[in-house]
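Asker: In full-length UniProt numbering, the protein residues as written are 1 to 281.
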Amino acid sequence: MSSESKSLFDMTNTLSDIRQKAQEFNELKSELKENSTLKIEETTQAQIRHHSVLVEFMNTHCRIKKCNNTTCLYCKPIRLPSSEFRNLSFLPDPIPSQNNTDHYATFQDIYRTETTEKYRPTYIQSQVNAEPIPKSILVVRKIRSYINCEDCGKRRCVYSDKSLTCKEQQDYQQALDSYSYSCGALIFLDDHYLKETVFVRTRISCNSPIEILYYSSHKSGNYLICYYCGESEDLVTTPQSLKEHFKQIYPLCEGCQGNGKEFYTKGEIKTNGCSSKHHKI
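#1: Using the three-state DSSP reduction, which class does Ile124 fall into: helix, strand or coil?
#2: Give me the Cβ distance between Ile143 and Lys219, rounded to the nearest whole Å; I'm assuming they're in contact under 8 Å.
#3: Apart from the five residues just before and just after Ser182, which ones in its own chain have a Cβ nearer than 6 Å to its Cβ?
#4: Work out the CA separation of Lys76 and Lys65 for me, nearest whole Å.
#5: Can you list the alpha helix (DSSP H) stretches of 4 or more residues lying completely in the stretch 195 to 249, in chain order?
#6: What first and last residue would you give for the alpha helix (DSSP H) that runs through Val53?
#7: Taking only the alpha-carbon atoms, compute the straight-line gap between Tyr215 and Tyr250 and give it to the nearest angstrom.
#8: Under a three-way DSSP split, which group does Val139 fall into?
#9: What does the Cβ neighbour count give for Gly230, buried or exposed, with the cut at 16 atoms within 10 Å?
#10: Give me whichever residues DSSP pairs with Asn148 in a beta bridge.
#11: Spatial neighbours of Ile133 within its chain, please: C-beta separation below 6 Å, excluding the five flanking residues on both sides.
#12: Roughly how many angstroms lie between the CA atoms of His50 and Leu32, to the nearest whole one?
#13: Suppose contacts are defined by Cβ-Cβ distances below 8 Å. Is Pro96 in contact with Tyr119 by that definition?
#14: With DSSP run on the structure shown, which of helix, strand or coil describes Gly267?
#15: Return the chain-ordered list of same chain residues with a C-beta closer than 8 Å to the C-beta of Ser180, the five sequence neighbours on each side being excluded.
#16: Just how far apart, CA to CA, sit Asp161 and Thr197?
#17: Under 8 Å, do residue 303 and Val140 count as touching if we go by C-beta distance?
#18: Quick one, which of Gln98, Asp234 and Ile18 has its alpha-carbon nearest Asp109's?
#19: By Cβ distance, which residues of its chain are closer than 6 Å to Gln23, with the 5 residues on each side in sequence left out?
#20: Out of Ser7, Thr237 and Lys243, point me to the one whose CA is closest to Lys270's CA.
#21: Candidates Thr101, Asn68, Cys166 and Cys72: which alpha carbon is nearest Asn87's?
#22: Taking its Cβ as the centre, do 16 or more other Cβ atoms sit within 10 Å of Arg112, making it buried, or is it exposed?
#23: Which value, in whole angstroms, describes the spacing of the CA atoms of His192 and Leu138?
#24: In angstroms, rounded to a whole number, what distance separates the CA positions of Cys7 and Phe25?
#25: If the criterion is Cβ atoms closer than 8 Å, does the pair Thr202 and Glu131 meet it?
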């Protein structure tokens with residue numbers, strides 16, 4: 001980094017400050033780019049791993065501890081004696097105390113020991129909310145049909161890894177004729193052989209909106225329905241102003257609009273370098 005860019009960088013305190021300076025000074029912006037080939041839509045691990053320079057940077061710098069490379073352009077020199085710095089270990093994950101599982105073990109007890117993140121509160125919560133279905137199946141191309149809730153009438157997507165055989169289709173239809181489906185419930189009884197083949201989301205309720213994947217599906221029987229209630233009639237015309245600002249705008253019915261609901265949107269079209277993931281307008 002040039003001395004001029006370094007001086008500008010030292011004047012910043014937050015990420016917003018850095019971005020502002022980078023917009024004002026092209027040389028600083030160029031020097032701060034770790035990988036100019038990376039596109040903003042490339043966010044998955046599979047996409048990022050092809051950018052070797054970025055991967056190397058993340059492996060050596062996206063950690064709390066300094067890299068201790070004397071020629072590094074990012075980390076400032078260490079201030080501890082080298083022997084002490086080398087003996088520093090990363091912070092352990094919180095784990096329950098062996099003496100009292102209602103409390104976490106002390107830092108002194110678990111420092112420099114192998115720990116796991118499975119006791120981390122946010123991780124535990126994510127597992128509570130996670131669907132007990134392989135993530136690879138919860139994709140639009142594996143939607144096979146739709147099913148209506150007996151209580152609220154909302155349409156839910158039915159998934160399977162592979163297309164059903166004729167016999168499986170017949171047995172599936174027979175199950176639908178025999179049992180009533182409600183949001184959050186399984187389609188089949190525990191002893192049904194299709195229980196591990198055909199899936200619906202179970203971490204939902206009648207208060208949950210329509211699945212986003214429903215609107216990307218083109219299976220027979222798919223038609224536009226309100227994102228909030230599943231109603232297919234009296235849909236509100238999408239304002240042109242929303243079409244100009246968002247890539248995806250989900251249907252809204254007059255009834256939900258009258259109850260204070262707004263258009264649910266995703267993929268804001270960038271203006272002035274700013275965007276957000278989703279909005280209600």
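Built from N, CA and C at the ideal position, the CB exists for glycine as well. Computed from a predicted structure; not experimentally measured.
Answerer: Looking at the atomic coordinates:
#1: Looking at Ile124 - three-state DSSP - the assignment turns out to be helix.
#2: 6 Å
#3: In its chain, beyond the 5 residues on either side, Cys149, Glu150 and Asp151 have a beta carbon closer than 6 Å to the beta carbon of Ser182.
#4: The C-alpha of Lys76 is placed about 11 Å away from the C-alpha of Lys65.
#5: For the alpha helix (DSSP H) assignment, the uninterrupted runs of no fewer than 4 residues enclosed by the stretch 195 to 249 are, from N- to C-terminal side, 240 to 245.
#6: Ser52 to His61
#7: 8 Å
#8: In this structure, Val139 counts as coil in the three-state DSSP scheme.
#9: buried
#10: Arg155
#11: Answer for Ile133: Phe199, listed in chain order.
#12: 20 Å
#13: yes
#14: strand
#15: Glu150
#16: 7 Å
#17: This structure does not reach residue 303, given that the chain is present from 1 up to 281, and the question cannot be answered.
#18: Gln98
#19: none
#20: Lys243
#21: Asn68
#22: exposed
#23: 21 Å
#24: The sequence shown places Ser at residue 7, rather than the Cys named in the question. Whole-angstrom Cα-Cα distance: 12 Å.
#25: yes
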